[in-house]
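**Student:** Residues in the sequence shown are numbered consecutively from 2, following our numbering.
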Amino acid sequence: MTAETDHDRPISMNAREQATDEPMANEPVRRGGSIFLVLLIAAAIIACAAGFMALGRSQAQPYILGLLALLAMVGLFTLFAFAAGIVRFADRSNDDPIMRSVTDYAFDGVAVTDARGHVVYANAAYLVLTGAVNAQDARPVERVFIGNPDVSEAVFRLLKAAREGKRQQEEVRVAAADGTHGRWLRMRVRPLGTSKREAKSAVWSLADITRDRERQEDVFQELQHAIEYLDHAPCGFFSVNPKGELVYVNATLANWLDHDLAEIGSGGLKLTDIVSGDGASLLTSIVPVPGEVKTEVFDIDLRMRNGKTMPVRLYHKLAFGADGVPGASRTLVISRARDERSDPQRAAEVRFMRFFDHTPMAIATVDRAGTVVRGNARFAKLAQSLSASGAVNKSILSAVSDRDRSLLIAAIGHAAEGQGDIPPVEALLEGAKERWGQFFVTAVEEDERETEAAIVYMLETTERRTLENQINQSQKMDMVGQLAGGIAHDFNNVLSAIMMANDFLLNAHKPTDPSFQDIMQIKQNATRAATLVRQLLAFSRRQTLRPQVLHLGDALSDLTMLLRRLIGEKVKLDLVHGRDLWPVKVDVSQFEQVIVNLAVNARDAMADGGTLTVRTVNVPALETERMSYKGMPPADYVRIDVTDTGTGIPADIVEKIFEPFFSTKEVGKGTGLGLSTVYGIVKQTGGFIYVDSEANKGTSFRIFLPRHHQEKEVAVDPALAIAAAREAAAEAKPRTDLTGQGTILLVEDEEGLRSLNARGLRSRGYTVVEASNGLEAMEVLEEREGAVDLVVSDVVMPEMDGPTLLKEMRARNPDLKIIFVSGYAEEAFEKSLPENEQFAFLAKPFALSALIAKVKETMTPS
């Protein structure tokens, strides 16, 4: 390294030329050929041939042989010299003077080493850079920089690459001998060629890049100074990328917001983290224009890390590419907190802007054509939700659907003319989903109408309208349910009288009588009417249920055969049971009716065939919180999905399908009570039912039944329940004797029904005392104190109803037995009774045999 001090000075062309005048150390001396020598040898040979011809054949023969021997000896020695490497045949094509000059006089040092690492070629620049005195002093790179710790590691990597026939580049700093800065060198190595022989030789390249490095360091220093100036400027600065992530925040702004600079630029903060309210929507609401650069001014509030806010003014610069895609923004932040203390006028302006941007109402000023002049943050957020293309930011009319757009145009026109008290406009908003908004339009000052014709305030009323519709629908369903329940109660009384009289006729006529078939027809029609009444009661949720704990998977499996017969061969039934289903508590027969009704409706919707899927799954409380179903509180549910691939339900009638007597089927093909029955049963069980339907794609009914917790109850196996019911029925069959003795107080406000019931009971041996209401019943009880064994009473009666009658009677006689008969559910009046009150119940309408059996059962001592 003794020559390193000479490397600090620039290399002059004279030094390069002087170095190139000396021959290379390991390069063979090249001699140029001569055409005159070739002609001279040819002339000598011709002259010898002519002399031999002049001497004659016999005399010239020894000379000819001698000449040939001489030429043969010269050729033999030439071959030996070529084999030994003393003589070489030069490739004239590779000896290109232009290419050689390019290498010899190149600015970068170039050297070629053989497989043993010896330098076989080195240009003048290489000699200068390595400190070689002449060509014979040229050394390989590893020998030039041996012992230099700053360079040795880089040289080792280069040597390894050279041995492996690879390319490698390193940049190293070579310190000067006097301890000064030294210089930077770029070292490169590559194979000489692609052939096996050439790959063993390596081409080394050295370049002095000290000036380039110095320029880079100067630029870096200037950049560091610029960043330092920007960081400590008296105003804030930030940059945000199209994803909304902060890629740069200067130290001043970070100090204002009390954020650590280390977490900024590494994905730690987003624009919404430092902008209060909907202010971020203002920055992202700029309408893109391909190839343009826009600068907007916004007055918003920034949010500090502790949650406090500070008013600022933003100068937001955003450049758009040729395709309209925005790049990273450049935003200058000026704090306006001082204005609130120093300048009252500025303070008023700041307060107004804060009110303007933080109001929950979208506000925009528009011209006569509806073009938006300016808007607050909530309007920018609304515009983004309605139109991703930014059309609403250009014209407020784009926010309204075509159906109601004329109403808003008219309101803006009235405001442009200076009219006041313009009625609000309720309009359907543009977009894929149904959204509603209420627009309040007011006029501006007359001198401002050149640019701003009106101020438009907008509130989104989607949730309010949805809630109103749900309340109205719920009230309508309740009113219809009350009406249906009242009608069902009256019908039950009529049907009870018909069925009771029909039983008397059947007892009086033998099957061989001509009128017996007519009487049976009356009974069948009465039974059919009773079924319709039960459906009305199911809708009004006033039917009697007998809930029991069961597992839905087993219950649905038992229904499989029935469902297959109902839906026919064209429709494929697919049952998908969830794993480990929770138990539920439902009336088994009513639940089966729900599934059957839905299956029949699905079959009718798939006239050409399809697939009916019944799926069950557990729905935890956390999942129900994320669902969008209204009115269903978070809890654990078991969901039953009944899905078909039929014609679907039109959107305009999907809200009416649960109403009684509403049907889309042809006349005579449906009562319109199927889905209303389903709705009533599910609601009375404590569950919820929703429908999702799309035209020509199918319908899905989703039933949510509350999970039953079995702390004290044990789930009833449906198979065991059916077996127990059969045993009970088998035990009941032998009881053919329904006659009895005793006094029965019959309380019924319907005179015809009361007389028929009394007649039936008397025919079985009982003594019957009649009363038309509760007051008469109490009088009879006082007259016959202790003589009444059983009271059979209606629930709904004038003057004194059944529950009140029970309380009065039990106060006089706690052991009195009573049977309530009603067209309503037992639970409908049981809540009005004292706890643990004992009574029997018989649902209307009932046959004579059912009444007598219930009386016999109640009066028989247990």
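For each residue, glycine too, the CB sits at the ideal point set by N, CA and C.
Report the residue from T332, V692, E293 and F356 whose alpha carbon sits nearest the alpha carbon of V326.
**Tutor:** E293
**Student:** For M311, report the span of its beta strand (DSSP E) as first-last.
**Tutor:** Note, M311: beta strand (DSSP E), T310 to A320.
**Student:** State the beta-bridge partners of M188 as determined by DSSP.
**Tutor:** E171 and L207
**Student:** Is the Cβ-Cβ distance between R144 and A133 less than 8 Å?
**Tutor:** Contact check for R144 against A133 fails: the beta carbons are separated by 8 Å or more.
**Student:** Taking the alpha-carbon positions, what's the V589 to R306 distance?
**Tutor:** 59 Å
**Student:** Should K382 be labelled buried (16 or more other beta-carbon atoms within 10 Å of its own) or exposed?
**Tutor:** By the 10 Å Cβ count, K382 comes out buried.
**Student:** For T462, which of A454, L430 and T443 has the nearest alpha-carbon?
**Tutor:** L430
**Student:** Taking Cβ to Cβ, would you say I853 is nearer than 8 Å to G753?
**Tutor:** no
**Student:** Which same chain residues, not among the five before or five after I650, have their C-beta less than 6 Å away from its C-beta?
**Tutor:** S694 and T700
**Student:** How would you call A454, buried or exposed, if buried means at least 16 neighbouring beta carbons within 10 angstroms?
**Tutor:** Counting Cβ neighbours within 10 Å, A454 comes out buried, since at least 16 surround it.
**Student:** Return helix, strand or coil for A764, following the three-state DSSP convention.
**Tutor:** Checking the displayed sequence, the identity of residue 764 turns out to be Ser instead of Ala. If DSSP states are grouped into helix, strand and coil, S764 belongs with coil.
**Student:** Do A428 and V457 have their C-beta atoms within less than 8 Å of each other?
**Tutor:** no
**Student:** Work out the CA separation of Y122 and A112 for me, nearest whole Å.
**Tutor:** 5 Å
**Student:** Can you give me the Cβ contacts of G322 inside the same chain, cut-off strictly under 8 Å, excluding the 5 residues immediately before and after it?
**Tutor:** P291, G292 and G328
**Student:** List the whole-angstrom C-beta distance separating D151 from V173, where the pair is believed to meet the contact cut-off of C-beta under 8 Å.
**Tutor:** 6 Å
**Student:** Identify whether R404 lies in helix, strand or coil by the three-state DSSP scheme.
**Tutor:** Here R404 carries a coil assignment [DSSP, helix/strand/coil].
**Student:** With distances taken from CA atoms, which of A263, E593, V250 and M607 is nearest T332?
**Tutor:** V250
**Student:** Enumerate in chain order the residues of its own chain whose CB-to-CB distance from Q439 is below 6 Å, with the five nearest sequence positions on each side excluded.
**Tutor:** P425, E427, L460 and T462
**Student:** In the DSSP assignment, the alpha helix (DSSP H) including Q839 goes from what residue to what residue?
**Tutor:** It is not in any alpha helix (DSSP H) - Q839 carries neither H nor E in the DSSP assignment.
**Student:** Determine the burial state of K586: buried for a count of at least 16 other Cβ atoms within 10 Å of its Cβ, exposed for fewer.
**Tutor:** buried
**Student:** What whole-angstrom Cβ distance do R379 and A363 have, given they're in contact under 8 Å?
**Tutor:** 5 Å
**Student:** Just to confirm, are K845 and N503 a CB contact at a threshold of 8 Å?
**Tutor:** No; because the gap between Cβ atoms is not below 8 Å, this pair is not in contact.
**Student:** Is it buried or exposed, I690, if we count other Cβ atoms within 10 angstroms and call 16 or more buried?
**Tutor:** Buried, by the Cβ-count rule.
**Student:** Just to confirm the assignment, what range does the alpha helix (DSSP H) spanning M459 have?
**Tutor:** Segment A455 to E461 is the beta strand (DSSP E) holding M459; no alpha helix (DSSP H) there.
**Student:** Could you have a look at F299 and say whether DSSP puts it in helix, strand or coil?
**Tutor:** strand
**Student:** Would you identify the three-state DSSP class for A50, choosing helix, strand or coil?
**Tutor:** helix
**Student:** Touch check for the segment 105-119 and the segment 196-207: three-plus C-beta pairs under 8 Å?
**Tutor:** yes
**Student:** Please classify R580 as buried or exposed, where buried requires at least 16 other C-beta atoms within 10 Å of its C-beta.
**Tutor:** Looking at its Cβ environment, which holds fewer than 16 other Cβ atoms inside 10 Å, R580 is exposed.
**Student:** Buried or exposed: G194, going by 16 or more other Cβ atoms within 10 Å of its Cβ?
**Tutor:** With fewer than 16 other Cβ atoms within 10 Å, it is exposed.
**Student:** Closer than 8 Å by C-beta to V668: which residues in its own chain qualify, once you throw out the five before and the five after it? Chain order, please.
**Tutor:** Bear in mind that a pLDDT of 39 at V668, under 50, signals an unreliable position, so the number given afterwards is only what the model happens to contain. Contacts found: none.
**Student:** Is the Cβ-Cβ distance between A412 and I423 less than 8 Å?
**Tutor:** yes
**Student:** Closest to A360 by CA distance: which of K309, I301 and W185 is it?
**Tutor:** Strictly speaking, residue 360 in this sequence is Thr, with Ala absent from that position. Per the Cα distances, I301.
**Student:** When the Cα atoms are used, what is the spatial distance from T452 to A416?
**Tutor:** 13 Å
**Student:** Note down, in chain order, each residue of its chain lying with its Cβ closer than 8 Å to the Cβ of T467, except the 5 sequence neighbours on either side.
**Tutor:** K631
**Student:** Tell me the rounded alpha-carbon separation between N394 and I287.
**Tutor:** 8 Å
**Student:** Write down the C-beta distance between I745 and V822 rounded to the nearest angstrom, noting that I regard them as a contact closer than 8 Å.
**Tutor:** With 8 Å as the limit, I745 and V822 do not qualify as a contact, their Cβ atoms being about 12 Å apart.
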